[in-house]
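Asks: For the protein sequence lines, the chains are X and L, in the order given. Going by our numbering, the first sequence opens with residue 10, and the numbers climb by one from there. Going by our numbering, the second sequence opens with residue 10, and the numbers climb by one from there. Heads up, the beta-carbon is just placed ideally off N, CA and C, and yes, glycines get one too. Every value quoted in this text rests on a predicted model; they were computed, and no experiment measured them. This is the structure, below, for whatever I ask next.
Number of protein chains: 2
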Amino acid sequence: MATTETRRRADAERNIAAILDAALVLFTEEPQSSMVAIARAAGVGRVTLYSHFPSREVLLEAVLDRTIAEAGEVIKKAAPEEGAATEALRRLLRTSWHVLNQHRKLFNLAQRELGPARLRQRHRDVVDHVERLLARGQEEGVIRTDLPMNWLVTTVYTLLHAAAEDVNTGQLKAEEAADVLEATLLPALRS
Amino acid sequence: MATTETRRRADAERNIAAILDAALVLFTEEPQSSMVAIARAAGVGRVTLYSHFPSREVLLEAVLDRTIAEAGEVIKKAAPEEGAATEALRRLLRTSWHVLNQHRKLFNLAQRELGPARLRQRHRDVVDHVERLLARGQEEGVIRTDLPMNWLVTTVYTLLHAAAEDVNTGQLKAEEAADVLEATLLPALRS
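What follows is the structure, encoded as structure tokens:
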């Protein structure tokens, strides 16, 4: 039988999940959404919301972290460590674009509210996949070694997010983005 | 002899110039600077400041527009319409990096406070130089024609600003950035 403490924890976890779900939807559809609106959509009181997420910024970071962790799982399933590095890079780019495309608007908001440097820091886990794969490509002789590794990672990360931004502003079609990214990045990265 | 009206206009222009000068320095050195601090540094009263720039956002846009207009002049002097397109592109990249590097911190602030889409809109004039030069390169057969022109421009614009951001965060040395940009962009753009 559940103790009071166990039940309290289960309630808290359920509330946190409901808040994160509601915040993801509202930040995406109505970026200006207030904490009050998010509490209402999550079916929790304001006091409960603020007890878990003391500010809009903390909540946005938590939503972002969960989204990026899910993206990391999807990227892992694309097995960037398997097969020839160039093929694995193509797979990684397409998978990354696919998950990024689903959350384009959330990232646009995060770029504005957290700034580009903090947004990139929170991507550390997914960016690590890119870096490991590029290092493997360098060992295989197919990825250039004349530029700092960090810059190669910046190039991949930045152009992926630029494509998302161009889709947001209607300058690029979402369904063309993966091809365009591959056609731009492979020549920029290969040795 | 100057009329009262002429004198009033000259005063206003002097005040505006002083405000823009002070705002450029403060936005760069202390991005959180308040309107009060900017008025003080410019040697004008708050009422005068607000009569010309009704909000911090309007003032930031004006500082940015002046900076980008100056950058446009510098780029024009590098004569992107002269010589072989590839050489002109190299010159354009180096000149653009040089002016961007001087205002890295202002652009970081603008990206945060205005968002990437509005920041790019305000770059229209300088971005036009890039687009015209890439179109000339396509006619000369040295720039790729298989991707949308707008995406090629995005690639140049985005990687320039990404380099500025990497210098801001200490991940790239300012003095290496021009070489790194050229080495990344030429293979990504050429046919």
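Using CA atoms only, rank isn't needed, just tell me which of X/44, X/58, X/49 and X/41 is closest to residue 20 of chain X.
Replies: Looking up residue 20 of chain X in the first sequence gives position 11. Taking only the C-alpha atoms, the option nearest residue 20 of chain X is X/58.
Asks: For the region 120-145 of chain L, list every residue whose C-beta sits within 7 Å of some C-beta in chain X, in sequence order.
Replies: Answer in chain order: 120, 121, 124, 125 and 126.
Asks: Counting only beta-carbon separations shorter than 8 Å, does residue 41 of chain X have a partner in chain L?
Replies: Taking the first sequence and counting its residues from 1, the one referred to as residue 41 of chain X is at position 32. Answer no: the Cβ-Cβ gap between residue 41 of chain X and chain L never drops below 8 Å.
Asks: Hey, would you say residue 46 of chain L sits closer than 8 Å to residue 33 of chain L, going by beta carbons?
Replies: In the second sequence, the residue the question calls residue 46 of chain L occupies position 37. In the second sequence, the residue the question calls residue 33 of chain L occupies position 24. Going by C-beta atoms, residue 46 of chain L is not nearer than 8 Å to residue 33 of chain L.
Asks: Would you call the region 120-139 of chain X and the region 187-200 of chain X in contact, with 3 or more CB pairs under 8 Å?
Replies: Short answer: they don't touch.
Asks: Which chain L residues are close to residue 171 of chain X, counting only those with a beta carbon under 7 Å from its beta carbon?
Replies: Locating residue 171 of chain X in the first sequence gives position 162, where the first residue counts as 1. Ordered by position in chain L, the residues that pass the 7 Å Cβ test against residue 171 of chain X are 163 and 167.
Asks: Between the Cα of residue 31 of chain X and the Cα atoms of X/198, X/15, X/52 and X/14, which residue gives the shortest distance?
Replies: Start at 1 with the first residue of the first sequence, and residue 31 of chain X comes out as number 22. The candidate whose alpha carbon is nearest that of residue 31 of chain X is X/52.
Asks: Three-state secondary structure (DSSP) at residue 199 of chain X?
Replies: As a working mapping, residue 199 of chain X is identified with position 190 in the first sequence. Reduced to three states, the DSSP call for residue 199 of chain X is strand.
Asks: Measuring straight from C-alpha to C-alpha, what distance separates residue 66 of chain L and residue 42 of chain X?
Replies: Taking the second sequence and counting its residues from 1, one reaches residue 66 of chain L at position 57. Taking the first sequence and counting its residues from 1, one reaches residue 42 of chain X at position 33. Approximately 21 Å between the Cα atoms of the pair.
Asks: Which residues mark the beginning and the end of the alpha helix (DSSP H) in which residue 62 of chain L is found?
Replies: Mapped onto the second sequence, residue 62 of chain L falls at position 53. Counting along the chain, residue 62 of chain L falls outside any alpha helix (DSSP H), and DSSP gives it neither H nor E.
Asks: Applying a beta-carbon distance threshold of less than 8 Å, which residues of chain L neighbour residue 176 of chain X?
Replies: The residue labelled residue 176 of chain X in the question sits at position 167 within the first sequence. Going along chain L, no residue has its Cβ under 8 Å from residue 176 of chain X, so there is no contact; the nearest lies around 11 Å.
Asks: Please classify residue 171 of chain L as buried or exposed, where buried requires at least 16 neighbouring CB atoms within 10 angstroms.
Replies: The sequence position of residue 171 of chain L within the second sequence is 162, counting from 1. Buried is the call here.
Asks: Contact criterion: CB-CB distance below 8 Å. Does residue 189 of chain L meet it with respect to chain X?
Replies: In the second sequence, the residue the question calls residue 189 of chain L occupies position 180. So yes, residue 189 of chain L belongs to the interface.
Asks: What's the call for residue 146 of chain L, buried or exposed, on a 16-neighbour Cβ count within 10 Å?
Replies: For the purposes of this step, residue 146 of chain L is taken as residue 137 along the second sequence, with counting starting at 1. By the neighbour-count rule (16 or more Cβ atoms within 10 Å), residue 146 of chain L is buried.
Asks: How close, in whole Å, do the beta carbons of residue 87 of chain L and residue 99 of chain L come, if the pair is a contact with beta carbons under 8 Å?
Replies: In the second sequence, counting from the first residue as 1, residue 87 of chain L sits at position 78. In the second sequence, counting from the first residue as 1, residue 99 of chain L sits at position 90. Residue 87 of chain L to residue 99 of chain L, Cβ: 10 Å. No contact.
Asks: Start and end of the alpha helix (DSSP H) containing residue 105 of chain L?
Replies: Locating residue 105 of chain L in the second sequence gives position 96, where the first residue counts as 1. Residue 105 of chain L -> alpha helix (DSSP H) spans 94-111.
Asks: Using a Cβ-based criterion (distance less than 7 Å to any ligand heavy atom), does residue 107 of chain L qualify as near the ligand ATP?
Replies: Within the structure as shown, the ligand ATP is missing, as the structure has no ligands at all.
Asks: Just checking my contact of residue 194 of chain X with residue 168 of chain X at CB under 8 Å: how many whole Å lie between their CB atoms?
Replies: Residue 194 of chain X sits at position 185 when you count from the first residue of the first sequence. Residue 168 of chain X sits at position 159 when you count from the first residue of the first sequence. Right, the Cβ-Cβ distance comes to about 6 Å (below 8 Å), so this counts as a contact.
Asks: Pairing CB atoms from the region 106-123 of chain L with CB atoms from the region 91-111 of chain X, are three or more of them under 8 Å?
Replies: In short, these stretches do not touch, since the Cβ pair count stays below three.
Asks: Could you spell out the range, first to last residue, of the alpha helix (DSSP H) harbouring residue 163 of chain L?
Replies: Here residue 163 of chain L refers to the residue found at position 154 of the second sequence. Taken as a continuous stretch (DSSP letters only), the alpha helix (DSSP H) holding residue 163 of chain L covers 158-177.
Asks: Would you say residue 94 of chain L lies against chain X (beta-carbon separation less than 8 Å)?
Replies: Translated into positions along the second sequence, residue 94 of chain L becomes position 85. With 8 Å as the cut-off, residue 94 of chain L does not count as an interface residue toward chain X.
Asks: Is it buried or exposed for residue 163 of chain L, if we count other Cβ within 10 angstroms and need 16 for buried?
Replies: Residue mapping note: residue 163 of chain L aligns to position 154 of the second sequence, counting from 1. So residue 163 of chain L counts as buried.
Asks: If the cut-off is 9 Å on Cβ atoms, which residues from the region 146-159 of chain L count as contacting chain X, listed in chain order?
Replies: Under the 9 Å Cβ criterion, the region 146-159 of chain L contributes 153, 155, 156, 157 and 159.
Asks: Counting only beta-carbon atoms, is residue 192 of chain L nearer than 8 Å to chain A?
Replies: The structure shown contains no chain A; the protein chains it does contain are X and L.
Asks: What residues in the region 73-92 of chain X have a beta carbon less than 9 Å from any beta carbon of chain L?
Replies: Answer in chain order: no residues at all.
Asks: By the 10 Å Cβ neighbour count, where 16 or more other Cβ atoms means buried, how is residue 175 of chain L classified, buried or exposed?
Replies: One-based indexing of the second sequence puts residue 175 of chain L at position 166. That one is buried.
Asks: Within 10 Å of its beta-carbon, does residue 121 of chain L have 16 or more other beta-carbons around it, so buried, or fewer, so exposed?
Replies: The residue labelled residue 121 of chain L in the question sits at position 112 within the second sequence. Buried is the call here.
Asks: So is residue 63 of chain X in contact with chain L if we call contact Cβ pairs under 8 Å?
Replies: Translated into positions along the first sequence, residue 63 of chain X becomes position 54. No, because no Cβ of chain L sits closer than 8 Å to the Cβ of residue 63 of chain X.
Asks: Kindly indicate which residue of L/183, L/182 and L/138 has the alpha-carbon position closest to the one of residue 4 of chain L.
Replies: One cannot answer for residue 4 of chain L here, as it falls past the ends of chain L, which runs 10 to 200.
Asks: Between residue 183 of chain L and chain X, is any beta-carbon pair separated by less than 8 Å?
Replies: For this step, residue 183 of chain L is matched to residue 174 along the second sequence. It does not: the Cβ of residue 183 of chain L has no partner Cβ on chain X nearer than 8 Å.
Asks: Within the same chain, show all residues whose beta-carbon is closer than 7 Å to that of residue 97 of chain X, passing over the 5 residues directly before and after it, in chain order.
Replies: For the purposes of this step, residue 97 of chain X is identified with residue 88 of the first sequence, where counting begins at 1. The answer, listed in chain order, is 89, 91 and 142.
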